[in-house]
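Everything below concerns the one structure shown next.
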Amino acid sequence: MGALDSTTAIVTGSSRGIGAEVARLLAEQGAAVVVNYRQKAPRAKKVVSGIEAAGGRAVAVGADLTSPDGAQALVDAAVQNFGGLNLLVLNASGGMETGLGEDYALKLNRDAQVGMLQAALEVMPVGSRVVFVTSHQAHFINSVATMDAYEPVARSKRAGEDALRDLIPALTERGISFVVVSGDMIEGTVTATLLDRAAPGAIEARRQEAGRLYSVEEFAAEIVAMATADVPTGHTEYVGGAEHFTR
């Protein structure tokens, strides 16, 4: 018996990187997982195939969370394939991509997060949990400056966190808890690579400041732990290097 045998989860942005590892670990513990991708269907299907090969349950669903029907497609997939939904991991983020418009970061990191949660709330029962994944650079952006290249993303992610936290009273009324997992720069992620390209040496500088940086696998394990952790709603779990931002 796995710790999450009775759980159905949606993990947004889970065709690669942190989201894919979160999906794999959730399935390893017994959860049925909706793996979300925006464009790269083969990558998402590979994640699902890996989960199924290990005896888990998963389905890949293409959905652009910034589109009106994207969030609903994920909720429908959870209900139709696995009978419900009681864990929502809001992992999808972006804004450093080119050609998607100046307001894309805010659309994805704030508006789409709220839209995804609102769609999920229609089917999530009492005892469900929502986990929002962010970075220290975004979580602390109002008090600690970040790299110029990342500031628009950081501010949009902080706006998303604030908008989600505004929904905590409504979540509490429904018996649904909300937690935030905030991580330092994570080795091997697309964001870290883009930041290092924009500001050469950024990863090494942050590694020196923090002592070490978490890997994708390590950070994903911390996110999965928060799916069932006995913490109060509104809790923020800091993963690696937060002392630099709080001193």
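Under the numbering used here, the first residue of the sequence shown is numbered 219, with each subsequent residue one higher. Heads up, the beta-carbon is just placed ideally off N, CA and C, and yes, glycines get one too.
Closest Cα partner of residue i within the set the options
{"i": "Leu-303", "options": "Ala-249, Val-442, Ile-236, Leu-382", "result": "Ala-249"}
{"i": "Asp-380", "options": "Gly-231, Val-332, Asp-282", "result": "Val-332"}
{"i": "Val-397", "options": "Arg-430, Gly-273, Tyr-456", "result": "Tyr-456"}
{"i": "Ile-441", "options": "Arg-328, Thr-230, Arg-383", "result": "Thr-230"}
{"i": "Gln-336", "options": "Asp-384, Arg-430, Leu-222, Leu-324", "result": "Asp-384"}
{"i": "His-462", "options": "Ser-433, Val-240, Arg-425, Tyr-322", "result": "Arg-425"}
{"i": "Ala-291", "options": "Met-334, Ala-363, Ala-271", "result": "Met-334"}
{"i": "Arg-430", "options": "Ile-269, Val-251, Gly-459", "result": "Gly-459"}
{"i": "Leu-324", "options": "Ala-281, Asp-287, Leu-308, Val-371", "result": "Val-371"}
{"i": "Gln-257", "options": "Gly-406, Leu-243, Val-240, Arg-234", "result": "Arg-234"}
{"i": "Val-399", "options": "Val-240, Leu-222, Ser-224, Ala-428", "result": "Val-240"}
Run of the alpha helix (DSSP H) containing residue i, from where it starts to where it stops
{"i": "Thr-411", "result": "408-416"}
{"i": "Val-293", "result": "288-300"}
{"i": "Leu-389", "result": "386-391"}
{"i": "Thr-446", "result": "From DSSP, Thr-446 is part of no alpha helix (DSSP H); its letter is neither H nor E."}
{"i": "Thr-464", "result": "461-464"}
{"i": "Leu-306", "result": "Careful: Leu-306 lies outside any alpha helix (DSSP H), inside the beta strand (DSSP E) at 305-308."}
{"i": "Leu-243", "result": "235-246"}
Close beta carbons around residue i, own chain, < 8 Å, minus the five adjacent residues each side
{"i": "Ala-367", "result": "Met-314, Leu-412, Leu-413, Ala-416, Ala-417"}
{"i": "Val-266", "result": "Val-253, Ala-276, Val-277, Ala-278"}
{"i": "Leu-326", "result": "Leu-283, Thr-284, Ala-310, Ser-311, Gly-312, Gly-313, Ser-374"}
{"i": "Gly-301", "result": "Thr-226"}
{"i": "Ala-289", "result": "Ala-281, Leu-283, Ala-330, Gly-333, Met-334, Gln-336, Ala-337, Ala-338"}
Any chain C beta carbon closer than 8 Å to residue i
{"i": "Ile-404", "result": "In the displayed structure, chain C is absent; only one protein chain is listed."}
Host beta strand (DSSP E) of residue i (start-end)
{"i": "Ala-400", "result": "It should be pointed out that residue 400 corresponds to Ser in this sequence rather than to Ala. That run of the beta strand (DSSP E) goes 395-401."}
{"i": "Thr-225", "result": "Per DSSP, Thr-225 belongs to no beta strand (DSSP E) and is neither H nor E."}
{"i": "Val-252", "result": "250-255"}
{"i": "Gly-280", "result": "275-280"}
{"i": "Glu-455", "result": "454-457"}
Contacting residues, own chain, Cβ-Cβ under 6 Å from residue i (five flanking each side not counted)
{"i": "Ala-238", "result": "Ser-232, Val-265"}
{"i": "Ala-443", "result": "none"}
{"i": "Gly-220", "result": "Gln-247, Gly-248"}
{"i": "Leu-306", "result": "Ile-228, Ala-338, Val-348"}
{"i": "Ala-272", "result": "none"}
Spatial neighbours of residue i in its chain, beta-carbon cut-off 7 Å, leaving aside the 5 residues before and after
{"i": "Leu-437", "result": "Per the sequence presented here, residue 437 reads as Phe, with Leu not at that position. Correct list, in chain order: Ile-236, Gly-401, Ile-404, Val-457."}
message: Within 8 Å, do at least three Cβ pairs link the region 373-381 to the region 355-363?
response: yes
- prompt: Is the region 337-346 touching the region 407-422 in the sense that three or more CB pairs, one from each, lie closer than 8 Å?
  reply: no
query: Enumerated in chain order, which unbroken segments of the beta strand (DSSP E) with a length of 3 residues or greater are wholly contained in the region 311-376?
result: 347-353
Sufficient close CB pairs (3 or more, under 8 Å) joining the region 284-298 to the region 259-274: no
- request: May I ask you to verify whether the region 444-453 touches the region 420-429, counting CB pairs closer than 8 Å and requiring at least 3?
  value: no
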